[in-house]
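Once you know that position 362 of the sequence shown is 399 in our numbering, the rest is easy, because the numbers rise by one and skip nothing. Just so you know, even glycine gets a beta-carbon here, dropped at the ideal spot from N, CA and C. Please read the structure below before turning to the comments.
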Amino acid sequence: MFRTVQYYTANPGNSLSKEETHFLRYYLLCSTIATKSVGLYFTRKVPESDLASHLNRHIKDLKLSYWKCTPDQLAVLFPAQTGNVKSSEFDFSLLYKLIRNTITPPSTPTRGWGFSPLPGDITEEDDIERIRHNRNTLAHNTKLKLNDSDFKNLWTEFPAISRLSCRALDEDVSNLSKRYLDKLSNSEILDNLNKIKGEIDILHHETHLKLLNLWKKDDELFYDETNAYKATKNIVQSSSVVGLVGGPGCGKTATARHIALKYGEKEWEIVPAFKVEDILHYADVERKQIFLIDDIFGIFAVDMSMYNNVNNLREGIITAMSKDSVLLFTCRKSVFKEAVKLKSFILENVLDLESTDNTLSEEEKEKILTNHCSHKGISKHIYCNIPLGSSIIMFPLLCKIFSTKHGIDCSVKRFFSNPFECLINELDKLESNSPHQYSALVLCVISNNKLSMKQMQIDHIDGSAEKST
């Protein structure tokens with residue numbers, strides 16, 4: 038647990054700047070009150086009277102599983118004097134581990150464990166992830182300062198404490214927000230921050246280990262003899278920042294992950310990044326690292342907040358990639374065409390997986406389809422010796438869908454030449470996630486891709502709108 042924070046009597050030589058005060062206030066919130074709120078959640082799920090038996094039921098996993106506890110954590114869970122275990126002595130990383138792996142029935146955050154929640158995600162598990170993410174941000178603040186904007190954004194994340202504690206800690210948060218703060222010794226702050234970083238490293242490793250196991254399973258089907266893969270391999274060997282561009286389902290993510298796993302075999306650290314800030318959080322100049330980010334600027338259109346984040350962190354990204362590190366990101370072609378007009382530095386080395394040079398040959402398509410179908414035990418006579426030349430879009434994705442859902446009930450030729458279900462699914466996603474772009478697409482279809490203001494008859498539309506109000 039964190040050492041008790043000592044306050045010093047106010048005096049002119051011990052006062053803090055505004056930015057230092059912001060940091061210290063936020064530090065205290067994360068290191069004490071936020072952890073306590075997660076502890077209250079845990080005790081609702083596992084009452085103190087049941088704690089020892091609960092831990093004993095999971096003792097094998099706690100000691101031997103891939104998410105096993107460290108020796109220090111085991112000493113807290115299983116003290117020498119039986120029956121003296123207390124959840125109040127659990128730090129955040131231990132609480133997070135127990136909540137994530139031992140509570141039944143299991144509950145997961147809206148976007149899954151290890152993923153940062155969106156503002157509208159407000160389940161209790163979302164709030165635990167929110168606290169984990171904010172502690173992560175805190176631990177990587179080496180200046181020990183927060184400006185007004187950053188402090189406001191971070192502090193507003195903490196209705197999570199109120200929700201997790203059922204408002205029991207509201208007064209503590211309120212008191213902290215108004216408390217006069219003097220300087221703590223730098224060594225004490227750094228000592229506790231290093232403890233947080235240690236917790237984060239453990240959680241980071243566990244989350245990434247789960248992801249990499251999933252990647253390895255999917256990678257068993259990857260065919261790496263295509264021109265597109267060879268071109269990707271070559272450009273990654275010569276560049277530190279590489280983007281893979283193409284339409285949905287063309288194999289961007291699968292190719293990037295296969296490259297990363299190959300680097301992993303050479304003792305490189307694979308870092309799945311969910312946003313560009315993760316590069317700065319996990320960059321380590323002492324290690325060879327390869328970072329992967331999917332849809333770096335957004336999925337259906339350029340998300341300007343994501344775009345601005347990338348460019349605002351330009352110096353940090355370049356520094357992180359300056360030695361033996363690689364950033365490999367994916368971007369849909371429609372998004373890339375928008376983003377390239379904005380001239381981001383990160384788009385200097387981009388490979389189009391659907392360019393003329395990289396288009397899959399019919400032989401490559403046959404190999405990819407065979408890999409998927411044979412893995413699922415589909416009889417060769419169903420998919421062999423069929424023309425695949427007319428199958429142009431989303432071929433790798435179609436192979437995966439066909440082998441899992443359509444291997445017996447659908448004509449292979451018809452499925453690959455007319456993948457209507459896939460297109461409809463993509464359009465449904467577009468309508469839900471980006472209604473303005475979906476509406477523009479519908480207008481383009483109606484106007485035969487020749488849309489003009491004159492065709493819109495604006496005066497008539499405005500007049501109709503006025504009559505209807």
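Environment of residue i [buried if 16+ CB atoms lie within 10 Å]
i	result
SER124	buried
LEU278	According to the sequence as given, residue 278 is Val; it is not Leu. Under this definition VAL278 is a buried residue.
VAL273	buried
PHE432	buried
SER222	With a pLDDT of 46 at SER222, under the threshold of 50, the modelled position of this residue cannot be trusted; read the value that follows with caution. Flag for SER222 reads exposed.
ASP185	exposed
TYR217	exposed
ASN250	exposed
GLN14	Residue coverage of the chain in this structure runs from 38 to 506, which leaves residue 14 outside it and unanswerable.
ILE461	exposed
ILE445	Low confidence applies here, because ILE445 scores a pLDDT of 45, under 50, leaving its location unreliable and the question unanswered by this model.
VAL282	buried
ILE405	buried
ILE438	buried
THR58	buried
GLY286	buried
THR441	exposed
LYS134	buried
SER202	buried
ARG94	exposed
PHE457	exposed
THR294	What sits at residue 294 in the sequence shown is Arg, not Thr. By the neighbour-count rule (16 or more Cβ atoms within 10 Å), ARG294 is buried.
HIS418	exposed
VAL347	buried
ILE415	buried
HIS412	exposed
GLY34	Lying before the first or after the last residue shown, residue 34 is absent from the chain, which here runs from 38 to 506.
LEU101	exposed
Residue i: CB within 6 Å of a non-hydrogen atom of the ligand MN
i	result
ASN422	Within the structure as shown, the ligand MN is missing, as the structure has no ligands at all.
Option nearest residue i by Cα separation, candidates the options
i	options	result
GLY288	LYS402, SER484 and PHE311	LYS402
SER471	ASN346, LYS360 and ILE336	ILE336
THR72	THR141, ILE461, ILE198 and LYS247	ILE198
ALA320	GLY151, ASP361 and ASN455	ASP361
LYS97	VAL372, ASN138, ARG62 and ASP87	ASN138
VAL363	ASN121, ASN271 and ILE415	ASN271
PHE79	LEU61, PHE127 and HIS473	PHE127
THR268	LEU350, THR396 and ARG148	Residue 268 is actually Ala in this sequence, not Thr. Comparing Cα-Cα distances from ALA268 to each of LEU350, THR396 and ARG148, the minimum goes to THR396.
ARG324	GLU306, ALA297 and TRP150	GLU306
MET358	PHE334, ALA376 and ILE383	ILE383
ASP256	ALA297, HIS245 and TYR103	ALA297
ASP311	PRO154, PHE259 and LEU390	The displayed chain sequence assigns Phe, not Asp, to residue 311. Measuring from the Cα of PHE311, the nearest candidate turns out to be PRO154.
ALA176	ALA477, ARG204 and TYR63	TYR63
GLY301	ASN212, GLY280 and TRP252	TRP252
SER428	ALA477, ILE415, SER411 and ASN455	ASN455
GLN118	ASP465, ALA89 and THR107	ALA89
THR141	ASN349, ASN408 and ARG81	ARG81
LYS266	CYS481, GLU391, MET343 and HIS409	First, the residue type needs correcting, since residue 266 is Tyr and not Lys in the sequence shown. Nearest option by C-alpha distance: GLU391.
VAL83	LYS100, ILE136 and SER54	ILE136
GLY76	LEU132, LYS189, ASP332 and LEU464	LEU132
SER130	ILE165, ASN345 and LYS100	ILE165
ASP332	LYS303, GLY280 and LEU379	GLY280
TYR103	SER214, LEU246 and ILE159	LEU246
ASN212	HIS409, ASP187 and LEU65	LEU65
Test item: CB-CB of residue i and residue j under 7 Å
i	j	result
ASP163	PRO143	no
GLU399	LEU425	yes
LEU206	SER68	no
LEU434	PHE453	no
ILE70	ASP261	no
LEU365	LEU329	yes
GLY284	LYS374	no
LEU258	GLU56	no
THR367	THR290	yes
PHE334	VAL377	no
LEU248	PRO156	no
LEU1	PHE60	Residue 1 is absent from the structure shown; the chain starts at 38 and stops at 506.
**Study point:** Secondary structure, beta strand (DSSP E): runs of 3+ residues fully inside the stretch 279 to 352
**Key:** Runs found: 306 to 309 and 326 to 330.
Point to revise | Sequence ranges, alpha helix (DSSP H) only - wholly within the stretch 381 to 467, length at least 4 | key: As far as the stretch 381 to 467 is concerned, its whole alpha helix (DSSP H) runs of at least 4 residues are 399 to 412, 417 to 420, 432 to 438 and 449 to 454.
Review point. Pairing CB atoms from the stretch 298 to 316 with CB atoms from the stretch 349 to 358, are three or more of them under 8 Å?
Key: At 8 Å Cβ cutoff, the stretches touch.
Exercise for review: Specify whether the stretch 100 to 114 and the stretch 156 to 175 touch according to this definition: at least 3 beta carbon pairs, one from each stretch, less than 8 Å apart.
Suggested key: Contact between the stretch 100 to 114 and the stretch 156 to 175 is absent, because fewer than three Cβ pairs lie under 8 Å.
Review point. Hey, is the stretch 337 to 344 in contact with the stretch 471 to 485, meaning 3+ C-beta pairs nearer than 8 Å?
Key: Segments in contact, yes.
Practice item. Pick out the complete alpha helix (DSSP H) segments inside the stretch 45 to 132, 4 residues or longer, and give them in chain order. Key: Those alpha helix (DSSP H) runs which fall completely within the stretch 45 to 132 and span 4+ residues are 55 to 65, 72 to 82, 88 to 94, 96 to 101 and 108 to 114.
Check your understanding: Taking the runs of the beta strand (DSSP E) that are 3 residues or longer, which of them lie wholly in the stretch 141 to 202?
Key -> Listed in chain order, there is nothing to give.
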